[in-house]
Amino acid sequence: MPALVERDAEVRCLARTPAKLDAAPWRTSVQVARGDVGGDVAEAMKGMDVAVYLVHSIGQGDGWALREQRDAENFARSAAQAGVRRIVYLGGLGRDEDVLSKHLQSRHDVGRLLASTGVEVVELRAGVIIGSGSASFEMLRYLVEVLPVMVTPRWVETRCQPIAIADIVDLLVEAVARAGNVGGIYEVGGPDVVTYAEMMGFYAEVAGLARRRLVRVPLLTPGLSSHWVGLVTPVPVPLARELVESLVNEVTVGERSATEAFSVTPMGLREAISRALAATQEGNVPTSFVDADLVAFRAVPTDPEWSGGTVLKDVRRGTASAEPQAVFGALEQIGGQKGWYSGEWLWRLRGILDQLLGGPGLRRGRRSKLAVGDALDFWRVQDFVPPNRLRLHAEMRLPGEAWLTWDLEPAGSGTKVTQTALFRPRGLLGRLYWLGVAPFHRFVFPGMLAGLLAEVDAKGQAPR
1 MPALVERDAE VRCLARTPAK LDAAPWRTSV QVARGDVGGD VAEAMKGMDV AVYLVHSIGQ
61 GDGWALREQR DAENFARSAA QAGVRRIVYL GGLGRDEDVL SKHLQSRHDV GRLLASTGVE
121 VVELRAGVII GSGSASFEML RYLVEVLPVM VTPRWVETRC QPIAIADIVD LLVEAVARAG
181 NVGGIYEVGG PDVVTYAEMM GFYAEVAGLA RRRLVRVPLL TPGLSSHWVG LVTPVPVPLA
241 RELVESLVNE VTVGERSATE AFSVTPMGLR EAISRALAAT QEGNVPTSFV DADLVAFRAV
301 PTDPEWSGGT VLKDVRRGTA SAEPQAVFGA LEQIGGQKGW YSGEWLWRLR GILDQLLGGP
361 GLRRGRRSKL AVGDALDFWR VQDFVPPNRL RLHAEMRLPG EAWLTWDLEP AGSGTKVTQT
421 ALFRPRGLLG RLYWLGVAPF HRFVFPGMLA GLLAEVDAKG QAPR
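Take the sequence shown: its position 323, counting from 1, is numbered 323 in the working numbering, and each next residue is one higher.
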C-alpha cells in the first residue's frame, strides 16, 4: 500500500473490517470499501484499472483450499463485470508436473481460476519471502533464534530460491503500473539457490548467533514437525502444518523467470536477511515510509500478531501533575551523578558486572545537556524530542538489544508518562537472560517511574 501511494496511484482497499486498517499510516491516503472476496465485490471494483489479489486461506479449517477456489472464481467474475483490465496475483513456486503439496497446488489453482474469465492476469510465483509477516520467514526466524540444536526431517535438504519482500513489493508495483499486455506466469526468486538447512545457517550467521546444529531424523512426520514448530514459534499449528508439508517440494525458478519481463534485480539472501533483521528492530527510531528498502521489511500495524520477531516488553504508565516541559526537564537529568531515581545499588551492581564482561559500565557518565548520539552511562541517546520523547539504546554487554523509552503527552493540566523497556533477545541465551533479570525489573522499573514522578511533583509546576 505505501509503495502504491508513493507512486500517486489512486488506491481502493477491500476489507471485511475496515476499522482494522485505522492504525495503518497510509489509511488516510486510500479509499476503503467494506466487503469480502467471497461476496459481491463488483461494486468495490468499479472504476478500477487493476485488481491486486493477495488473499490466502491456508490452514483456515479443513475446507480452506475449496474456499480459495470459490473466492478466486468469484473475484474473477466480479473483475470482468466491473471492467477491470488486469489482475495481479502473488502465487507460489513449484513445477506443475510435480506432485505438489496442498498449499502449492492451491496457489496454482487460484492463479488458473483468476484467469478463467478472460481478464489479463499477471501471476508472480514466489517461494520463501524474506521479510516481516512472511509465514515461512517467521518460522525460520523463530526456529533459528530459539534452538541452538534442531532435530530436523529430511526436507531441510530441499532446495529453495528465497526472495526479499522489498523485491516482491517492487515487482507487484511494476506489474500494476506496466502499460500494454504483460499477462502470464512469472517465476520470481533471488540469485541464491539454497537448501533450507543452508538458509538456517545464513540466518544464524547474519544474526550473529552461534552455528546451529541440525540433527536429521527420517521419521519426523509433517504432523509432528508442525506441532514442534507450534511449540517453539508463534506461527499457528494449522498454518505451520501446511507450510511444513510444502517443504518437500523444490521451489526454484525455472525457465519462466521474470528477469526479462521486469526491471527488478533481486538482492542476495544475506542482504535480504540483514535488512529484514535491521528493520524489524522494534527499538529503531521510526523512518519515513518512503524509505522503501527498510520499511518493506519492518513489522507493520496490519501484519499478523506472530510477525516481526520476538520483542520482550516492560511497560509502565503514570501521571504527573506538572506540564510536559517540567516532566521532561526532570527526565533529561537522569543518569550520571543524578542516578536513576530508584534502585541505585542495583544499577551500580549492573554497571560493575558490565565492566567485568568488557562493557562500559556506569563510568562514562553523561554530558550536562543531552543530544542524540550522547553516551549516558551504559546507554546511548537514540531519540531526543523535548518535551515528548527520550529513547536510550543499551550499550552494555547483553545477549540481545535493549531500549528504554519515555513518551510524554499532555493529560489535562498534567502529563501522562509511558515508560517502555524493550528487549530483543539473541537466541536462547537472550530469552534466559530476560527471565533471569525479570525479578529485578519488578523493583527497578516501577520505582524508576515513581521516583521521576515524585521528583517532578515535589518541585511543583515549572515556570514557562
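Glycine residues also receive a C-beta, built at the ideal position from the N, C-alpha and C atoms. Please read these numbers as outputs of a predicted model, since none were measured by experiment.
Query	Result
Per-residue DSSP class, three states only, for Phe445	helix
Unbroken beta strand (DSSP E) run spanning Ile87, endpoints	Arg86 to Gly92
Rounded Cβ spacing between Ile130 and Ala276 (contact assumed at less than 8 Å)	5 Å
Pair within 8 Å by beta-carbon distance, Leu408 and Leu392	no
Contact under 8 Å by Cβ, Leu468 with Leu113	Residue 468 falls outside the range modelled here, since the chain spans only 1 to 464, and no answer is possible.
For Thr319, the nearest candidate out of Glu260, Leu449 and Val206 (CA to CA)	Leu449
Closest by C-alpha distance to Val193, when choosing among Arg159, Ala179 and Phe202	Arg159
Alpha helix (DSSP H) segment containing Val146, residue limits	Ala135 to Val146
contact_flag[the region 144 to 164, the region 173 to 183] where n(CB pairs < 8 Å) is 3 or more	no
Burial state of Ile352, where buried means 16 or more other Cβ atoms lie within 10 Å	exposed
Coil, strand or helix - Ala240 by DSSP	helix
Rounded straight-line distance, which links the Cα of Val206 to that of Ala164	15 Å
Limits of the unbroken beta strand (DSSP E) element including Met150	Val149 to Thr152
Interface flag, Ala80 vs chain B, CB-CB below 8 Å	Protein chain content of the structure displayed is limited to a single chain, and chain B is not contained in it.
Contact set for Ala42: own chain, Cβ-Cβ below 7 Å, skip 5 residues either direction	Ser78, Gln81 and Ala82
Pairwise C-alpha distance: Val144 and Thr426	Inspection of the sequence shows that residue 426 is occupied by Arg rather than by Thr. Using only the alpha carbons, I get a separation of about 10 Å.
CA-to-CA distance, Leu422 to Leu428, given in whole angstroms	17 Å
Where the alpha helix (DSSP H) containing Gln105 begins and where it ends	Lys102 to Leu114
Opposing strand residues paired with Gly400 [DSSP bridges]	Pro425
Bridge partners - Ser257, DSSP secondary structure assignment	Glu187
Test item: CB-CB of Pro162 and Met199 under 8 Å	yes
Complete runs of the beta strand (DSSP E) confined to the region 310 to 345 [at least 3 residues]	312 to 320
Beta-carbon spacing of Leu370, Val417 below 8 Å	no
Range of the contiguous beta strand (DSSP E) that encloses Ala19	Ala19 -> no beta strand (DSSP E), and no H or E assigned at all.
Cβ distance (whole Å) where Gly358 is taken to contact Arg397 below 8 Å	6 Å
Backbone CA spacing between Ala15 and Val55 [nearest angstrom]	11 Å
Asp291 versus Ala3: straight-line alpha-carbon distance, rounded	Residue placement at Asp291 is poorly supported in this model, since its pLDDT is 31, which falls under 50; the coordinates are not used for a value here.
DSSP three-state assignment for Phe378, whether helix, strand or coil	coil
Between the CA atoms of Ala322 and Ser413 - distance to the nearest angstrom	7 Å
Sufficient close CB pairs (3 or more, under 8 Å) joining the region 30 to 38 to the region 6 to 13	yes
Three-state class that DSSP yields for Asp383 in the structure shown	strand
Segment limits, alpha helix (DSSP H) that includes Leu66	Trp64 to Ala82
Residue range of the beta strand (DSSP E) that includes Glu123	Glu120 to Ala126
Per DSSP, cross-strand counterpart(s) of Thr420	Val315 and Thr405
Under the three-state DSSP convention, the category Thr195 falls into	strand
Residue of Ala458, Ser342 and Leu432 minimising C-alpha distance to Gly451	Ser342
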